[in-house]
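Worksheet: one structure, shown below.
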Amino acid sequence: MTEFSVPAKFTIAEDANCTDVIFDIAAQTPDKTVFSEKVNGQWTPVSAKRAADTITSLAKGFIAQGIEPGDRVALLSRTRLEWTLIDFAIWSAGAIPVPIYDSSSGPQIDWILQDSQAVAIVVEDDGHREIVESIGSLSNVKKVYQIDNGDEGVIAVLTEAGAEVPDADVDARRGGVKAADAATLIYTSGTTGRPKGCMLTHSNMLSEIDAVLEGNLRLLLGPGKRLLMFLPLAHVLARAITIVAVKAGVEVGFFSDTRTLLPEFASFKPSMILSVPRVFEKVFNTARQGAHNESPIKGRIFDAAADTAVAYSEALDAGGAGLVLKITHTVFDKLVYSKLRAALGGQCELAISGGAPLGARLGHFFRGAGVPVYEGYGLTETTAAFSVNTPGEHKIGSVGKPLAGNAVRIADDGEVLLSGGVVFDDYWQNPDATASALEGGWFHTGDLGTVDSQGFLSITGRKKELIVTAGGKNVSPAGLEDVIRASALVSQAMVVGDQQPFIAALVTIDPEAFPGWKERNGKPASATVEDLANDADLRAEVQSAVDEANKTVSHAEAIKKFTVLPNDFTEETGEMTPTLKVKRNVVSEKYADAIAGLYAK
Numbered sequence: 001m002t003e004f005s006v007p008a009k010f011t012i013a014e015d016a017n018c019t020d021v022i023f024d025i026a027a028q029t030p031d032k033t034v035f036s037e038k039v040n041g042q043w044t045p046v047s048a049k050r051a052a053d054t055i056t057s058l059a060k061g062f063i064a065q066g067i068e069p070g071d072r073v074a075l076l077s078r079t080r081l082e083w084t085l086i087d088f089a090i091w092s093a094g095a096i097p098v099p100i101y102d103s104s105s106g107p108q109i110d111w112i113l114q115d116s117q118a119v120a121i122v123v124e125d126d127g128h129r130e131i132v133e134s135i136g137s138l139s140n141v142k143k144v145y146q147i148d149n150g151d152e153g154v155i156a157v158l159t160e161a162g163a164e165v166p167d168a169d170v171d172a173r174r175g176g177v178k179a180a181d182a183a184t185l186i187y188t189s190g191t192t193g194r195p196k197g198c199m200l201t202h203s204n205m206l207s208e209i210d211a212v213l214e215g216n217l218r219l220l221l222g223p224g225k226r227l228l229m230f231l232p233l234a235h236v237l238a239r240a241i242t243i244v245a246v247k248a249g250v251e252v253g254f255f256s257d258t259r260t261l262l263p264e265f266a267s268f269k270p271s272m273i274l275s276v277p278r279v280f281e282k283v284f285n286t287a288r289q290g291a292h293n294e295s296p297i298k299g300r301i302f303d304a305a306a307d308t309a310v311a312y313s314e315a316l317d318a319g320g321a322g323l324v325l326k327i328t329h330t331v332f333d334k335l336v337y338s339k340l341r342a343a344l345g346g347q348c349e350l351a352i353s354g355g356a357p358l359g360a361r362l363g364h365f366f367r368g369a370g371v372p373v374y375e376g377y378g379l380t381e382t383t384a385a386f387s388v389n390t391p392g393e394h395k396i397g398s399v400g401k402p403l404a405g406n407a408v409r410i411a412d413d414g415e416v417l418l419s420g421g422v423v424f425d426d427y428w429q430n431p432d433a434t435a436s437a438l439e440g441g442w443f444h445t446g447d448l449g450t451v452d453s454q455g456f457l458s459i460t461g462r463k464k465e466l467i468v469t470a471g472g473k474n475v476s477p478a479g480l481e482d483v484i485r486a487s488a489l490v491s492q493a494m495v496v497g498d499q500q501p502f503i504a505a506l507v508t509i510d511p512e513a514f515p516g517w518k519e520r521n522g523k524p525a526s527a528t529v530e531d532l533a534n535d536a537d538l539r540a541e542v543q544s545a546v547d548e549a550n551k552t553v554s555h556a557e558a559i560k561k562f563t564v565l566p567n568d569f570t571e572e573t574g575e576m577t578p579t580l581k582v583k584r585n586v587v588s589e590k591y592a593d594a595i596a597g598l599y600a601k
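Quick note: the sequence shown uses full-length UniProt numbering, first residue 1, plus one each step.
Below you can see the structure in the form of structure tokens.
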């Protein structure tokens, strides 16, 4: 059994809570810019004093409208400044925020409201209100607030309601919240079963913040730095890193339309980007497709530049690049890499990836192109990042070393077990699930992994996703899927083969890459993926991606057959979680006939 731990120099005071972060800054440097908001198309600074005053006004309104200490208040909204201000206000009223993904369906929202026994909910707009009000019984919910609602918006309503409440009442509520108290209930999006309410304490959240700032990431965080937050704040990673950034002095801007990210990068010029692997894959694939769509020559230049970036990054881990590689890298830096950096705003010096495996080749590409992506690992139950690569301690292909105050253990069966200040205490009103997940102070993640002698953790798959072929071969699908998804034409891949004679895969085509591919390959513009699912050229390109994946495994683990599905996996159609993980059970059921067809005689 392998174990590795990192001691912490920090301690969490018993009377500390998350509201201290913003109120301490407001008290010490009231004019400091902590947030940016988009006003009439321009990024406008928000000072610590303005943020704290708004939070206080909202908290007073909650108190005036009957929110009691310990009450749960749900928050259903896209990522925006008001989300964070309301989050802090709920804490400041002594209550417990319950974030809900803005893409959640009526039944999902209903379950979370019922299970958490929330007494109020803040929704973003008319669409969200309509979904909430369509629920037959709102259980304990006594009040529905709305952010975008003109003069009846939540900020105006609560500010007016709390006008007569003394500021001292908020101070008293804040002072009554201790580190050991519940800070939030986060319902795991999950790829199977009903979401469980993961209860995180203020100590968990503060341990995450202080642990990140005790590590080498601190070197790239501080005054003058800018973070553009576009991940859903209902996701623990986005929420925790937002607070990390605020405490470190980083200016945080909020944006939610990921379809138009590149113009916002150019406008905001972030020095730091936090994202999931799929976004980094899209940045790479969009750049590659753009080059290939312009001309065959530019496509070949981009591909050569990508190979050079990977080789250059790999050389950094092996003593440094040789003279020829350095010269080639310098040439491609002017031709290709500088344009990629410009597309990210021109000032990005730190990117963090979490939520799913990034893939070694993509990691090497971005580092070689001058935008190192520091991959990390964590779950809702570990208050976001448990481990992360950092400047000076970066091993591509791993998810880094544990953050300060945490320990990792690899069980005899390969399962990753975690303990430390960021690890949760229990699932809300679910003692059986808690007992199953926590044993002897160690959280059983369900992930499989290894730890090397330096303490770098690598995740190799999921226990529940492990495929056992009819021949008894154990196959972890994650690595194969990561390589296939690296293809610019591929959107998603799901490996199958449990109790079957060989490994196979379901593949979906990227809808953004597909038009350009059709044009380059002389296919009708009107042709759909379903029309071309058996097209020789399309299958050849997918086969090339499958061949690359097969190079990473033994012959017995290799993908022997694949099928191209007519539609991409999406959250809207139910195959993806809000954090862009494939729901294997849903896909397996929905495409049962396609899977059966792979094994038909």
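Yeah, the Cβ is synthetic: ideal placement off N, Cα and C, and Gly gets one too.
Residue 217 vs residue 390 beta-carbon contact at 8 Å: yes
Exposed unless 16 or more other CB atoms sit within 10 angstroms - verdict on residue 619: Absent from the model: residue 619. The displayed extent of the chain is 1 to 601, so no value can be given.
Residue 455 versus 404, 326, 73 and 336, residue with shortest Cα-Cα distance: Cα-wise, what sits closest to residue 455 is 404.
Residue from 362, 537, 140 and 430 whose Cα sits closest to the Cα of residue 281: 362
Residue 130, enclosing beta strand (DSSP E) - first and last residue: Element bounds for residue 130: not the beta strand (DSSP E) but the alpha helix (DSSP H), 126-133.
Candidates 59, 266 and 224: closest to residue 19 by CA position: 59
Residue 87 versus 338, 264 and 238, residue with shortest Cα-Cα distance: 238
Contact check, residue 206 vs residue 55, beta carbons under 8 Å: no
Proximal residues to residue 143 (C-beta, below 6 Å), its chain only, five neighbours per side dropped: 120
The stretch 383-400 contacting the stretch 328-345, beta-carbon criterion three pairs below 8 Å: no
Own chain partners of residue 249 with C-beta closer than 6 Å, once the 5 adjacent residues on each side are dropped: 222 and 223
Helix, strand or coil at residue 4 [DSSP, three-state]: strand
Cβ pair residue 268, residue 219 closer than 8 Å: no
Buried or exposed by the 16-neighbour rule on C-beta atoms within 10 Å, applied to residue 184: buried
Per-residue DSSP class, three states only, for residue 442: Reduced to three states, the DSSP call for residue 442 is strand.
Beta-carbon proximity list for residue 593, same chain, < 7 Å, skipping 5 on both sides: none
Length of the line joining the Cα atoms of residue 40 and residue 276: 29 Å
Residue span of the beta strand (DSSP E) that contains residue 386, given as start and end: 384-388
Outcome for residue 522 when other beta-carbon atoms lying within 10 angstroms are tallied against a minimum of 16: Counting Cβ neighbours within 10 Å, residue 522 comes out exposed, since fewer than 16 surround it.
Assumed close pair residue 510, residue 490 - CB separation to whole angstroms, cut-off 8 Å: 6 Å
Where residue 133 falls, given that 16 or more other Cβ within 10 Å makes a residue buried: exposed
Close beta carbons around residue 350, own chain, < 6 Å, minus the five adjacent residues each side: 220 and 272, listed in sequence order.
Reference residue 178; option with closest CA among 155, 91 and 234: 91
Continuous beta strand (DSSP E) stretch holding residue 492: start and end: 490-496
Closer than 7 Å: residue 6 CB and nearest the ligand ZN heavy atom: The ligand ZN is not among the ligands present in this structure, which contains no ligands whatsoever.
Three-way DSSP call (helix, strand, coil) for residue 563 in this model: strand
C-alpha gap between residue 499 and residue 324, whole angstroms: Rounded to whole angstroms, residue 499 to residue 324 spans 50 Å at the Cα level.
Burial state of residue 447, where buried means 16 or more other Cβ atoms lie within 10 Å: Buried, because 16 or more other Cβ atoms sit within 10 Å of the Cβ of residue 447.
Assigned secondary structure, residue 312 (DSSP; H/G/I helix, E/B strand, else coil): helix
Where residue 115 falls, given that 16 or more other Cβ within 10 Å makes a residue buried: Counting Cβ neighbours within 10 Å, residue 115 comes out buried, since at least 16 surround it.
Cβ pair residue 367, residue 313 closer than 8 Å: Yes, these two residues count as a Cβ contact at 8 Å.
Candidates 318, 468, 209 and 564, of which the one nearest residue 22 by Cα: When the alpha-carbon of residue 22 is set against those of 318, 468, 209 and 564, the nearest one is in 209.
Simplified DSSP assignment, three categories, for residue 145: strand
Nonlocal neighbours in the same chain, by C-beta distance under 8 Å from residue 365, ignoring five residues either side: 284, 306, 309, 310 and 313
Where residue 585 falls, given that 16 or more other Cβ within 10 Å makes a residue buried: With fewer than 16 neighbouring CB atoms inside 10 Å of its own CB, residue 585 falls in the exposed class.
Boundaries (first-last residue) of the beta strand (DSSP E) holding residue 35: 33-39
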